[in-house]
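What follows is one structure encoded as structure tokens, with my remarks underneath.
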Amino acid sequence: LAFLKLTAAQMQNYLGQGDYPRLNLAIKQSYQALSEAYIDTRKAIDDLRLGPQEDLRGWLAQLAQDYERDYAIPIRNEIAGDIPTLPSEIQAQLLRIIQEALNNVRKHARATEVALHVHPWEQDLVFEVQDNGCGFSLEEVPEVSRYGLRGMRERSAAIGADFQVISQPGQGTTVRISLPIPQQEVRE
């Protein structure tokens, strides 16, 4: 929406200046952004309609299956070991973070495959979304694209997880969420 607002202001300027080639380009960009927003909204509604799976493993398997079917990007779903039972609020936030990471792959990465890894590491449960796409420089992320990253970071903080993005141009991207395992779930 922020992009569309800025583009609408630019279109007014281009129209007033008689700069029709730039106006035409701005209209095309707006149409593309609206098309993506429409797809994202329909997907969000579909996600809300899906009843929660009994466990996180089932949800992640369904998410991977739907993603591959809807976007024709192969996704490896690799879950190592048992996933402890997590409170539903934490599970919901994790799923939203992973969905946003996958959405970013679809929109920006130009990836040909994605891997979703879940594994224990010391006292944490680590979730990673890794793509083989174009990667990017974290310092050069456009303001409009920062909302998704900021949202994932805020959701991670809300559940006490660390959030990390590892990316370089030409090297793909990894989004990592490290969630401390609740003490009663830590096995010695």
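Just so you know, we're using the numbering used here here: the sequence shown kicks off at 3 and counts up by one.
We put the beta carbon where it would ideally sit given N, CA and C, even for glycine.
Being a predicted model, the structure only gives us computed values, none of them experimental.
- In this structure the stretch 28–46 does not lie against the stretch 76–92, because fewer than three pairs of beta carbons, one per stretch, are closer than 8 Å.
- Fully enclosed alpha helix (DSSP H) runs of no fewer than 4 residues occupy 145–160 of the stretch 129–174, in order along the chain.
- Look at PRO23 here: in three-state DSSP terms it is helix.
- DSSP places ARG98 outside any beta strand (DSSP E); the residue lies instead in the alpha helix (DSSP H), whose first and last residues are 90–106.
- Note on geometry: alpha-carbon atoms of LEU181 and ARG157 lie some 12 Å from one another.
- Here ALA117 is bridged, per DSSP, to ARG78, GLN132.
- Relative to the Cα of LEU151, the nearest Cα in the group SER169, ASN134, GLN34 belongs to SER169.
- For ALA66, the enclosing alpha helix (DSSP H) begins and ends at 58–73.
- According to DSSP, ARG178 shares a beta bridge with GLU130, GLN166.
- Considering only ARG24, GLN14, ASP72, the residue with the shortest C-alpha distance to ILE41 is ASP72.
- If you ignore the 5 residues before and after GLU70, its C-beta comes within less than 8 Å of the C-beta of PRO76, ILE77, all in its own chain and listed in chain order.
- Rounded to whole angstroms, the Cβ separation of GLY174 and GLY137 is 5 Å, and the two are in contact under 8 Å.
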